[in-house]
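J.: Those letters in the sequence shown? Residues 850 to 1040, per this note's numbering, in order. Ideal Cβ placement from N, Cα and C applies to all residues, glycine included.
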Amino acid sequence: MFDLWNDALRTGDPATVAKRYAREGVLLPTLSDVPRTDRVGTEDYFVHFLEKKPVGKIFEGDIFVGNNWAQDAGIYEFTFQDGSKVKARYSFVYVYEDGRWMISHHHSSLMPEEVVRPKAVTKDEVRGLFDLWNDALATGDPTKVAARYTEDAVLLPPRCQTGRGTPRTASPTTSSTSWRRSRQGRSWRGT
């Protein structure tokens, strides 16, 4: 039954793929957060998915068969025309409807290691990031420099006597610049 669906993918026609789903079929797709609960929604998902020219291959799966239903769950991988690949967990529930096996429920989600796959960075890439920052700095435009930072970045500027980088100084009642926490742990005081 998977082969019938995969053959439908190869047609490149979203309507042909959507016709593999039961009248009340549900698709929880790999590359979209939107559940598809009708033929129109299912077809819409495959319009964009089929642009990548996917070919699916099952790596492992467990099949259970009942009276007029079957379930297949496991791991599959899609290879796209550009050579990229996506590995995902899948489950298909098939029902026998109007004399044909149809997909009643299809869930597909990226493998956790596919979602977060850290890539080692090279020294040259790190130096390149510095060059991007330095080039932004050379423009003299603070907006371009700020754009090189993430939204939650913490900037630790060099020590200076004014502005954001002003070092903490003693309170007016003390002359020391060192601070320590009181024994009660509730307030700070100069020493």
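Classify K868 as helix, strand or coil using the three-state DSSP reduction.
T.: Indexing the sequence shown from 1 puts residue 868 at position 19. In this structure, K868 counts as coil in the three-state DSSP scheme.
J.: Tell me whether S984 sits in a helix, a strand or coil according to DSSP, three-state version.
T.: Here residue 984 refers to the residue found at position 135 when the sequence shown is read from its first residue. Checking the sequence shown, residue 984 turns out to be Asp, not Ser. Helix, per DSSP.
J.: How should Y943 be labelled, buried or exposed, when 16 other C-beta atoms within 10 angstroms of its C-beta is the threshold for buried?
T.: Along the sequence shown, read from residue 1 onward, the residue named residue 943 stands at position 94. Label assigned to Y943: buried.
J.: Using only alpha-carbon positions, find the residue among F941, M960, S957, S958 that is nearest to M951.
T.: For this step, residue 951 is matched to residue 102 along the sequence shown. The residue with the shortest Cα to Cα distance from M951 is F941.
J.: For G890, report the span of its alpha helix (DSSP H) as first-last.
T.: On the sequence shown, residue 890 is found 41 positions in, with the first residue counted as 1. Run containing G890: 888-898, per the alpha helix (DSSP H) assignment.
J.: Look at the alpha carbon of L877 and the alpha carbon of A985, and state the distance between them as a whole number of angstroms.
T.: Indexing the sequence shown from 1 puts residue 877 at position 28. Indexing the sequence shown from 1 puts residue 985 at position 136. Whole-angstrom Cα-Cα distance: 43 Å.
J.: Can you find the residues in the same chain that come closer than 6 Å, C-beta to C-beta, to V994, ignoring five residues on each side of it along the sequence?
T.: Against the sequence shown, residue 994 aligns to sequence position 145. Cβ neighbours of V994 beyond the five flanking positions: A985, L986.
J.: Closer than 7 Å by C-beta to P1021: which residues in its own chain qualify, once you throw out the five before and the five after it? Chain order, please.
T.: Looking up residue 1021 in the sequence shown gives position 172. Because P1021 sits at a pLDDT of 43, beneath the cut-off of 50, its placement in the model cannot be relied upon, and the following sentence gives the value as read from the coordinates. Cβ neighbours of P1021 beyond the five flanking positions: none.
J.: So, is P1016 buried or exposed, given that buried needs 16 or more other C-beta atoms within 10 angstroms?
T.: On the sequence shown, position 167 is the one that residue 1016 refers to. Residue confidence is low: P1016 scores 47 on pLDDT, short of 50, so the model does not pin down where it sits. No coordinate-derived value is stated.
J.: Exposed or buried, which one is P903 when buried takes at least 16 other CB atoms within 10 Å?
T.: Position 54 of the sequence shown holds residue 903. Result: buried.
J.: What span of residues does the beta strand (DSSP E) with L1004 cover, start to end?
T.: Position 155 of the sequence shown holds residue 1004. Segment: none, L1004 is in no beta strand (DSSP E) and carries neither H nor E.
J.: When you compare the CB positions of G905 and F927, do they come within less than 8 Å of one another, or not?
T.: Counting from 1 along the sequence shown, the entry for residue 905 is found at position 56. Counting from 1 along the sequence shown, the entry for residue 927 is found at position 78. Yes. Within cutoff.
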